[in-house]
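**Q** Under my numbering, residues 713 to 1386 are what the sequence shown spells out, in order.
Glycine residues also receive a C-beta, built at the ideal position from the N, C-alpha and C atoms.
If you scroll down you'll find the structure; I have some questions about it.
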Amino acid sequence: NGHIYWMCMHVSVGIHEYMMSIMDPHHYNEIIRCLCVLQYLPSTAVNTTLQLQELREQMLELNISAYIIPGTDAHLSEYIAPRDARMAFMTGFTGSAGTAVVTHTKAVLWTDSRYWAQAERQMDCNWELEKDVSISSVVEWLISTVPLGGQIGFDPFLFSLSKYYELNLGSSNHSLKSIPTNLVDRVWKKRPSILSDKPDRLPDRVIQSTWQDKVTLIRSQLRDNPYQPTALLLSALDETACKCVCLCCLGLFNLRGSDIPYNPFFYSYTLLTMDTIWLFLHMERVTEELKVYLNASCNGSLCVQLKSYDSVLAEVKKYVAQPKVKVWIGTEYTNYALYEIITPQVSRYLLPNKLSCIMSPFCISVLLFLAVRDAVAVIQLLMWLEKAVPAGKETELTAAEYVNKCRSKGPSFETISASGPNAALAHYNPTAETSRRLTVDEMYLVDSGGQYLDGTTDITRTVHWGTPTAMQREAFTRVLMGNIEISRTIFPSGTRGVNIEMLGRRALWEVGLNYGHGTGHGVGNYFSVHEWPVGFQSNNIPFKEGMFTSIEPGYYKENDFGIRIEDVVVIIPAQTKVHGHNFLTFDTVSLVPYDKKLIDTSLLSSEQLQWLNKYYETIREVVGPELDKQKLYEEKDWMLRNTEPFTSPGSSASTSISSLTLIALAVALVHDII
């Protein structure tokens, strides 16, 4: 290929990032191999030669032709502990989504468009990148690459039931081999150990119902289930932790831990029957106080029997060996290792047992009040940056550190603090090697969130401290239009997010722009910031009143800038002309103004301008008193300047219940509680 030849001959006169910006993306793997030969890999690439050599030796001993390495843990978590980052150890790639496959001659990573540029920066020439994240793509590659009759090894703890069944090799004359002892762990000599931190209970003031009440509720659901399960197996970490009694939430113990960075979870499983409760956890971390709290010294139906975490397979196997038992399990968060010992004759997995919380009025009120306090943290950051950046001393890292300190229990995920070309990487995180100095000449994107005893937050703002280009203003405005169009839409209860997701893209599509990530996700309550299954994807459940989700359209121009506007919303009843019908809408919970200099009001419709002015009125009326309460008068002046109303077109529109009314009521209800 002449293009590739030219790139190889002239590699010494450019840099990796420049070449990535001008090359044909279809030729990435060919070009990166050329760069490897000439030793022009980016400094961020990780040398993986040794671990690949040692892994292949393990594969030879077990007579397997390929080994699959997912980027998750035994609880199928999105965010994982450092000790479970096997994919990152093997590939150098640290993104949160992906699957790696190693054969005796090849090593390939699959990931989605959020991480393509990041993977190119982090992987060395041992690895090839497949720009796809679907299991079907992995299967097709395996069938075409692995020799006929070859065995494909996998760790059954790292595959959910649904993912395992997607891994269908059909009649290809290949076979899957379940290997419970993870091969990466065998070669990972400095694998991090489990933390010694002990699980702790939440304070009563932020708990609506006791764990005993929740157990009783779940047992009633087991009793009423037409398939008559005798037990429920909980595998996802937040199922053990949930603190709100919600209509569908199956969390239990109102406990928190610190095994997973940014997530207040601890490693555990729970098996619940009509008369027993088994909690599997690391026993060395159990305190006497925890034993008393869980009634662990008795044998009644509301006494928790504490078991070793590593004994879950043996104990579940012992339970299912009994006659006439049927275990209710979920397809998304039950790993295949557990399913292998629960035969189809005794299980029924019709629906995920990890259902998202439909928040109770109490939980909603607490979270709305929390959003006001979190808005203060983001306003503090934006005001500080506006003053500090012109001096030329602040960086992506110092900005991330500043906002992280403003949250009471720390961040809810690793802060995305990105300027200029780094912001074009949708999930970029600054490091000491990659952090750029912030300047008034570039756009800046900050996606951050906080953990608090009373909830979890997630918000993204994009700003420019100088003079944005016409292209940047139009792109930003069209992203904002997408955010507003979803936020103000009215829809029947039970509508799926995927059916309205295109509203977030339409303004971008009109000029040939788009973004490669999802449009929103569920948000937990002092939980994971990404709470499945709420959101706008095809596998998300229908929207119902009381659910929380984010709305986050964006646009990313490679090697130039990135834009994302993310707000958390709660689903509420809509006021419509014809009453008596069950229609819903979104009420915006995040309360931080957008950068005015990036908004081209000539592109906005009268309805969008009306929505924007109402949103700014809400910020003034609700966040203003909190800033006064905290004696942040300079921050209040900043907020007032940045929420001055736009010129109203004078048109009227059908709108949802005012955010001002709902949030102000919530603040009044819980002001003396938190």
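1. Report the start-end ranges of each beta strand (DSSP E) in the region 819 to 850 that is 3 residues or longer and not cut off at the edges.
2. Are the region 1330 to 1341 and the region 1069 to 1078 touching by the rule of at least three beta carbon pairs closer than 8 Å?
3. So, for GLU1347: in the same chain, excluding its five sequence neighbours on each side, which residues have a beta-carbon less than 8 Å away from its beta-carbon?
4. Would you tell me roughly how many angstroms separate the C-alpha atoms of ALA812 and ARG935, rounded to the nearest one?
5. Measuring CB to CB, does TRP822 end up less than 7 Å from VAL850?
6. Is DSSP giving LEU1321 helix, strand or coil here?
7. Using beta-carbon positions only, say whether LEU854 and ILE847 come within less than 7 Å of one another.
8. Could you pull the DSSP bridge partners for ASN937 from this structure?
9. At the level of alpha carbons, what is the spacing between VAL758 and TYR827?
10. If I measure Cβ to Cβ from LEU993 and keep anything under 6 Å in the same chain, skipping five residues before and after, which residues do I get?
11. Could you give the uninterrupted runs of the beta strand (DSSP E) lying entirely in the region 1230 to 1276, keeping only those of 3 residues or more?
12. Mapping the DSSP letters down to three states, classify LYS889 as helix, strand or coil.
13. Sort out for me which residues DSSP pairs LEU991 with in a bridge.
14. Check whether the Cβ atoms of SER1131 and GLU1108 lie closer than 7 Å to each other.
15. In the DSSP assignment, find the beta strand (DSSP E) that holds LEU945 and state where it starts and stops.
16. Can you tell me the Cα-Cα spacing of THR999 and ASP909, whole angstroms?
17. Taking the alpha carbon of GLU1278 as the point to measure from, which residue in LEU1006, LEU1192, TYR1227 has its own alpha carbon closest?
18. For SER872, list the residues DSSP reports as bridge partners.
19. Mind checking which residues open and close the alpha helix (DSSP H) that includes PHE1074?
20. According to DSSP, is THR1330 helix, strand or coil?
21. For PRO782, which residues in the same chain have their Cβ closer than 6 Å to its Cβ, ignoring the five residues on either side in sequence?
22. Going by CA-CA distance only, name the one from LEU762, ASP897, ASP1272, ARG1200 that's closest to ASP836.
23. Could you check what DSSP says for PRO1035 in three-state terms: helix, strand or coil?
24. For VAL1188, does the three-state DSSP call read helix, strand or coil?
25. Return the residue from the list GLN1320, PHE1203, ILE1196, ASN975 that minimises the CA-CA distance to ALA1438.
26. Report all residues from its chain with a CB closer than 8 Å to the CB of LEU914; omit the five preceding and five following residues, and keep chain order.
27. Label SER1240 either buried or exposed according to how many other C-beta atoms from any shown protein chain fall within 10 Å of its C-beta, with 16 as the threshold for buried.
28. Have a look at CYS1075 and PRO904 and give me their C-alpha separation to the nearest angstrom.
29. Rounded to whole angstroms, how far is the Cβ of THR1355 from the Cβ of PRO1305, which I believe are closer than 8 Å?
30. Name the residue from GLU1098, THR1169, ASN775 whose alpha carbon lies nearest to the alpha carbon of ARG1353.
31. Taking the alpha-carbon positions, what's the GLU1329 to PRO1357 distance?
32. Can you tell me the Cα-Cα spacing of CYS1118 and LEU1344, whole angstroms?
**A** Working from what's here:
1. 819 to 822, 840 to 842
2. no
3. VAL1088, ILE1091, GLN1092, MET1095, LEU1339
4. 42 Å
5. yes
6. helix
7. no
8. According to DSSP, ASN937 bridges with nothing at all.
9. 16 Å
10. SER980, TYR1021
11. 1260 to 1263, 1266 to 1269, 1273 to 1276
12. strand
13. THR982, LEU1018
14. yes
15. 943 to 946
16. 11 Å
17. LEU1192
18. ASN1047
19. 1073 to 1100
20. helix
21. THR811, LEU870
22. LEU762
23. coil
24. It is worth fixing the name first, because residue 1188 is Phe in this sequence and not Val. The answer is helix: DSSP assigns PHE1188 an H, G or I state.
25. No statement about residue 1438 is possible, as the shown extent of the chain runs from 713 to 1386 and does not include it.
26. LYS955, ASN966, LEU967, ARG968, LEU1165, TYR1238
27. buried
28. 36 Å
29. 5 Å
30. GLU1098
31. 8 Å
32. 13 Å
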